[in-house]
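Report on one structure; see the data block that follows.
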Amino acid sequence: MKLTALSLACLLLLPLTAWAGNFNYDYAELYFQHSTPQVGESSKGPTLDLSYTMTSMGVQLLAGYASLDTPATPTEINNHNYWLGLRGENSFGDSTDFYTDILYLNDQTNAHGNTSTTDGYRLVLGLRQQIIPQLEFDGSLAHDYLAQSNNEAAIGLLFNATSYLAVGISYAHDSLHNNTSMLRLRVYY
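When the letters of the sequence shown are read in order and numbered with our numbering, they come out as residues 5 to 193.
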């Protein structure tokens, strides 16, 4: 089932690599995220995202790492997550890009002296829209193929202060009833 879904996702990625857009996809992004589940304790911590364009046709290599801590009794719960993948992007006019991410996920949880690891895949369909030259909207829909699969919708605003620096905020809600807010700092290279 996972292999079929990944194959389908790869087919979705192919048409999106036809044209590179006007947006810069070469960046390192550091953000602080705070996730609140419907039941249980909140988690928070830093995340690092990297994106590097590999071809002139708009294909990026993606990598990231998150370290989230959840205060709990009697001990804290730590999550160490990383992901690797590819992105294809396609411009639709001068101020709109569509993108597709296909990611491998590895989530490790350390709770009360026990460690568990879950891995799987994530498919993201997204939109970047330039509202004004310095302000960008980013929205996406995602599905995680993990032990407990879920869907996620996310929206965000990114203010491009200079040609190499941007700051922003984002909000995501998933089908497991988690709400995640993020403060973002992005450096373009």
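We treat Cβ as the ideally placed atom computed from N, Cα and C, and that holds for glycine.
Would you mind listing the beta strand (DSSP E) stretches within the segment 68–133 that are 3+ residues and don't spill past its ends, in chain order?
81–95, 100–115
Could you give the first and the last residue of the continuous beta strand (DSSP E) run that contains Q37?
Sequence index remark: in the sequence shown, residue 37 carries index 33 (1-based). That run of the beta strand (DSSP E) goes 31–40.
Note the first and the last residue of the continuous beta strand (DSSP E) segment covering N154.
As a working note, residue 154 is residue 150 in the sequence shown. Counting along the chain, N154 sits inside the beta strand (DSSP E) bounded by residues 154–164.
Using alpha carbons as the reference points, say which of T119, S167, S120 lies closest to Y29.
Position 25 of the sequence shown, counting from 1, holds the residue named residue 29. For Y29, the nearest C-alpha among the options comes from S167.
With 16 other CB atoms within 10 Å as the buried threshold, where does A157 fall?
The sequence position of residue 157 within the sequence shown is 153, counting from 1. Label assigned to A157: exposed.
Which residues in the same chain have their Cβ closer than 6 Å to the Cβ of D101, if we skip the five residues on either side of it in sequence?
Position 97 of the sequence shown holds residue 101. Taken in chain order, the residues that qualify are G25, F27, E93, S95, R132.
Classify Y193 as buried or exposed, calling it buried when 16 or more other Cβ atoms lie within 10 Å of its own Cβ.
Translated into the one-based positions of the sequence shown, residue 193 becomes position 189. So Y193 ends up on the exposed side.
Hey, out of S99, G117, N155, whose CA is closest to I136's CA?
The sequence position of residue 136 within the sequence shown is 132, counting from 1. Ranking S99, G117, N155 by Cα distance to I136 puts S99 first.
Can you tell me whether S60 is buried or exposed, with buried defined as 16 or more other CB within 10 angstroms of its CB?
Residue numbering aside, residue 60 sits at position 56 when the sequence shown is read from its first letter. Per the 10 Å Cβ criterion, exposed.
Please classify L187 as buried or exposed, where buried requires at least 16 other C-beta atoms within 10 Å of its C-beta.
To locate residue 187, count along the sequence shown from 1; it is residue 183. L187 counts as exposed, since fewer than 16 other C-beta atoms from the protein chains shown sit within 10 angstroms of its C-beta.
In whole angstroms, what is the alpha-carbon distance linking L54 and A146?
Locating residue 54 in the sequence shown gives position 50, counting from the first residue. Locating residue 146 in the sequence shown gives position 142, counting from the first residue. Cα-Cα distance, rounded: 18 Å.
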